[in-house]
Structure formats: structure tokens, C-alpha cells
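**Q**
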Amino acid sequence: MRIRTILLHFMTISMISIAGLSAQNVSVRVEDAYSRAGELGYVRFLCNTNVPLASLIVPVKLVSDDLTIDSVVFSNLVPANLYVLNSQLSNARRRGFVHILPKISDDIATFYAYDEEVFRIYYRVKLSADEGQIPVDTFYNRFYDAGFWITEEIQASDGLGRTIRPDFQSGSIWTDQTTDVDSEAELIPREFALEQNFPNPFNPSTTISFAVPRAGRVTLEIYDILGRKVATLLDENVESGQHSVVWSAESAPSGMYFYKLNHAGGSILRKMAIIK
Numbered sequence: 023m024r025i026r027t028i029l030l031h032f033m034t035i036s037m038i039s040i041a042g043l044s045a046q047n048v049s050v051r052v053e054d055a056y057s058r059a060g061e062l063g064y065v066r067f068l069c070n071t072n073v074p075l076a077s078l079i080v081p082v083k084l085v086s087d088d089l090t091i092d093s094v095v096f097s098n099l100v101p102a103n104l105y106v107l108n109s110q111l112s113n114a115r116r117r118g119f120v121h122i123l124p125k126i127s128d129d130i131a132t133f134y135a136y137d138e139e140v141f142r143i144y145y146r147v148k149l150s151a152d153e154g155q156i157p158v159d160t161f162y163n164r165f166y167d168a169g170f171w172i173t174e175e176i177q178a179s180d181g182l183g184r185t186i187r188p189d190f191q192s193g194s195i196w197t198d199q200t201t202d203v204d205s206e207a208e209l210i211p212r213e214f215a216l217e218q219n220f221p222n223p224f225n226p227s228t229t230i231s232f233a234v235p236r237a238g239r240v241t242l243e244i245y246d247i248l249g250r251k252v253a254t255l256l257d258e259n260v261e262s263g264q265h266s267v268v269w270s271a272e273s274a275p276s277g278m279y280f281y282k283l284n285h286a287g288g289s290i291l292r293k294m295a296i297i298k
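Residues 23 to 298 (my numbering) make up the sequence shown, in order.
See below:
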């Protein structure tokens with residue numbers, strides 16, 4: 023009887039401890055973003071935890087017909103070789119899930135975050151979008167299916183497999199409307215530009231963004247440290263404006279690489295690194 027009492031007491035303390043972790047030490051917040059109508063932008067999701075996390079599932083809701091989801095890019099905080107990183111975001115429903123789940127192995131991988139970015143969502147604001155605020159939030163849903171209750175909510179787990187309910191702080195995308203011809207012209211880049219890829223270093227994929235001031239043929243190529251071409255990501259005519267391309271480098275070894283943007287006016291070269 024005494025042993026049973028001690029076990030029950032221990033379980034009670036453990037449950038209180040887990041609840042405390044949920045309220046005090048694990049949180050996800052959305053950093054406000056600012057975009058002009060017609061532009062490609064991104065909103066960052068940051069995590070803060072004082073306990074090692076093995077998984078994180080974030081339901082995301084962006085309720086606006088003026089927004090089109092482009093892609094989800096994960097930061098280097100969570101190694102892609104140890105985790106399954108994926109997203110299921112629907113433009114039709116304006117909602118979905120972002121998953122960070124450990125791969126099956128003998129040792130469960132964990133990560134810490136100190137108000138650091140875990141992923142970002144790229145989006146495009148329609149040119150006709152009104153000036154104002156687009157909320158970026160999470161959602162909670164519970165339904166009965168095939169004999170089970172299924173709960174959709176933000177959740178995480180620690181290295182021992184215990185479920186944690188992180189706090190969530192919503193954010194906003196603030197849009198600036200374009201109202202006249204001069205303002206619309208400002209949306210067109212004045213010169214070719216090639217941004218630093220994100221994330222960098224990366225494994226296994228990264229996003230490369232560039233700006234084109236006028237329509238024309240553009241190529242985007244990847245080279246290794248010896249100058250050998252590894253991949254051609256783009257070779258086509260593109261419209262003026264902001265563009266982004268994702269390079270999935272699962273088969274490429276670790277090392278330094280270069281990416282080169284070629285256009286009618288010349289070329290731009292930047293470097294990046296793969297760490298596996």
C-alpha cells in the first residue's frame with residue numbers, strides 16, 4: 023500500500039511538473055511582418071524553451087483572401103538529418119500544420135531554442151489587397167473519427183516522450199496598399215538583386231530569392247568549390263518582380279557551394295554551405 027501511495031504521489035508531481043513546463047518554459051510566437059501589396063514576404067515563427075524538445079506541431083491559420091502561401095522554410099535550429107520536417111498548408115482553407123518530428127532511431131533527438139526562429143512561411147500579398155492587418159494565429163479543433171477523438175492543437179514533446187502544451191503568441195502581417203501608378207512602379211525592383219539563401223548553412227533544402235527589374239531570360243545555377251556545375255535551378259523567361267526558388271540538395275555532399283544568377287545585364291554570384 024505504501025509503495026502504491028508513493029507511486030501515485032510521484033505521478034501527481036510529474037503531471038504538475040509537465041503542466042508547469044507548458045505554461046512557463048515552452049512557447050511559440052509569431053513575429054509581426056510588413057509587406058506591400060504584390061510583394062513576396064515571409065513571417066517568422068520563433069520558439070523559446072528551457073527543456074529539450076523532441077517534436078513540435080504547430081497548427082497555423084492565416085485568414086485572408088489577399089494572401090497566398092508560397093512555401094515553408096525551416097531554420098538550421100532543427101537538423102534535417104535527425105528530424106522529419108514537413109508542412110501541410112492549404113491556400114483553399116487558409117490553414118494547416120507545420121510538423122517537426124524526430125526520425126526513428128535508437129536515440130531520440132532533441133533541440134533547445136531561446137526565442138529563436140524554427141521556421142518561416144513565405145507568402146505573396148495580392149496587388150489588390152487592402153491596407154491593414156492580416157492575423158497569423160493557431161487553431162484548436164476536436165472531432166470524432168473512426169472510433170477515436172482527434173485533437174488538433176499546438177503541441178510538443180520532450181526527450182522522454184511527455185506531451186507539452188506550449189503557449190502561443192499570435193502575430194500579424196501588416197499590408198501597405200498601392201494606390202497610384204507611381205507607387206505601383208516602386209514595386210518593380212530598380213536593379214537585379216540576389217539575396218543570401220535561407221537557411222545557410224542548410225540541410226537538405228534552402229530558398230534562394232532574387233529580384234528582376236524587367237522581364238527576360240534568367241538562369242540560376244549551382245556550382246561546387248571546384249567550379250563544376252551541380253544543378254540548374256532556373257533557365258527561363260521571368261516577369262519583373264520578386265522571385266524565389268528552393269534547392270533540394272539531398273544528394274549533394276557537405277561543403278561550400280556557389281549560386282549564380284545570370285541575366286541580360288550580367289551575373290551575380292554568392293556562396294552557401296551544406297552541413298550534413
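Quick reminder that beta carbons are idealized off the backbone N, C-alpha and C, glycines included.
Should the region 176-192 be called in touch with the region 87-106, which here means at least 3 C-beta pairs below 8 Å?
**A** Because the criterion of three Cβ pairs below 8 Å is not met, the region 176-192 and the region 87-106 do not touch.
**Q** Could you tell me the distance, in whole angstroms, from the CA atom of residue 292 to the CA atom of residue 123?
**A** One C-alpha to the other measures close to 32 Å.
**Q** Per the contact definition of three or more C-beta pairs closer than 8 Å, is the region 55-64 in contact with the region 74-82?
**A** Contact between the region 74-82 and the region 55-64 is absent, because fewer than three Cβ pairs lie under 8 Å.
**Q** Nearest to residue 289 by alpha carbon, out of 171, 242, 48?
**A** That would be 242, whose Cα lies nearest to the Cα of residue 289.
**Q** For the region 231-295, which segments carrying the beta strand (DSSP E) assignment without a break, of at least 3 residues, lie completely within its bounds, in sequence order?
**A** Runs of the beta strand (DSSP E) inside the region 231-295: 238-246, 251-260, 263-270, 277-285.
**Q** Helix, strand or coil for residue 86 per DSSP?
**A** Note: residue 86 maps to coil in three-state DSSP.
**Q** Could you say which of 186, 154, 264 lies nearest to residue 212 if we only look at CA atoms?
**A** Residue 264 is the option with its Cα nearest to residue 212.
**Q** Taking all protein chains shown into account, do 16 or more other C-beta atoms lie within 10 angstroms of the C-beta of residue 258, making it buried, or fewer, making it exposed?
**A** Flag for residue 258 reads exposed.
**Q** Determine, using beta-carbon pairs with one atom in the region 97-106 and one in the region 150-163, whether at least three such pairs fall under 8 Å.
**A** Touching, no, given that fewer than three Cβ pairs across the two stretches are closer than 8 Å.
**Q** Considering only the beta carbon of each residue, do residue 266 and residue 144 sit closer than 8 Å?
**A** It is a contact, given that the beta carbons lie within the stated cut-off.
**Q** So, helix, strand or coil for residue 185, using DSSP?
**A** Reduced to three states, the DSSP call for residue 185 is strand.
**Q** Which whole-angstrom value describes the C-beta separation of residue 94 and residue 111, a residue pair presumed to lie in contact below a C-beta threshold of 8 Å?
**A** Right, the Cβ-Cβ distance comes to about 7 Å (below 8 Å), so this counts as a contact.
**Q** DSSP three-state label for residue 222, please.
**A** Three-state result, residue 222: coil.
**Q** Looking at the secondary structure, which residues open and close the beta strand (DSSP E) in which residue 100 lies?
**A** Careful: residue 100 lies outside any beta strand (DSSP E) and carries neither H nor E.
**Q** Ends of the beta strand (DSSP E) at residue 173?
**A** Taken as a continuous stretch (DSSP letters only), the beta strand (DSSP E) holding residue 173 covers 170-174.
**Q** Is the beta carbon of residue 271 closer than 8 Å to that of residue 227?
**A** Contact flag set, yes.
**Q** Strictly by DSSP, which residues pair up with residue 60?
**A** For residue 60, which the question treats as bridged, DSSP gives no partner whatsoever.
**Q** By the DSSP assignment, the beta strand (DSSP E) with residue 156 in it spans what residues?
**A** Where residue 156 is concerned, the enclosing beta strand (DSSP E) stretches over 154-159.
**Q** Can you round the beta-carbon distance between residue 238 and residue 286 to whole angstroms, since I take them to be within the 8 Å contact cut?
**A** Correct: roughly 5 Å between the Cβ atoms.
**Q** Within 10 angstroms of the Cβ of residue 165, are there 16 or more other Cβ atoms? Answer buried if so, exposed if not.
**A** Label assigned to residue 165: exposed.
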